[in-house]
Ligand code: SF4
Ligand code: SF4
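Numbering (the working numbering), first residue to last: 2 to 112.
Shown next as structure tokens:
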């Protein structure tokens, strides 16, 4: 992960008080198999990722099922920019994933 963005993610997600007020406005929370499909769960997952956690299949489902609608931000007492947190976490995943794929291609071309 890019260190500046990673630090920003950690700072932003650490503001969460786990109150759950955001969940009442989220259109996706009731469709998932667990709370990772709502804003509080997504914030927790990104906090874990910012502390060297791994992007699992389930974490990616959670991040990519977010509609980025920002409804959750209307009720967040900590003023966390939840859609921006999700966007940054997705972009870091895409960047890391592309880098790994590029390295595989380069290794194949060299060998
Ligand atoms: S931005 Fe994502 S987490 Fe927030 S209310 Fe919309 S779908 Fe839910
Ligand atoms: S409303 Fe804000 S502080 Fe409360 S759980 Fe949701 S993201 Fe965390």
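Glycine included, C-beta positions come from ideal geometry on N, C-alpha and C.
Classification of residue i by the beta-carbon crowding that lies within 10 angstroms, buried from 16 upward
i: residue 25; result: exposed
i: residue 38; result: buried
i: residue 40; result: buried
i: residue 77; result: buried
i: residue 57; result: exposed
i: residue 70; result: exposed
i: residue 17; result: buried
i: residue 20; result: exposed
Distance, residue j Cα to residue i Cα
i: residue 81; j: residue 52; result: 18 Å
i: residue 54; j: residue 99; result: 18 Å
i: residue 49; j: residue 9; result: 13 Å
i: residue 96; j: residue 72; result: 27 Å
Close-in-space but distant-in-sequence residues of the same chain around residue i (CB under 8 Å, 5 per side omitted)
i: residue 61; result: 94
i: residue 65; result: 91
Same chain only: Cβ atoms within 7 Å of residue i, ignoring 5 sequence neighbours per side
i: residue 32; result: 38
i: residue 6; result: 89 and 93
i: residue 1; result: Outside the shown range of the chain (2 to 112) lies residue 1, about which nothing can therefore be said.
i: residue 85; result: none
Cut-off 6 Å between Cβ atoms - residues of its own chain near residue i, not counting five sequence neighbours on either side
i: residue 42; result: 36
i: residue 30; result: 24, 38 and 39
i: residue 47; result: 10, 14, 86 and 90
Segment limits, alpha helix (DSSP H) that includes residue i
i: residue 81; result: Run containing residue 81: none; DSSP gives neither H nor E here.
i: residue 41; result: 40-51
i: residue 63; result: 58-65
i: residue 10; result: 4-14
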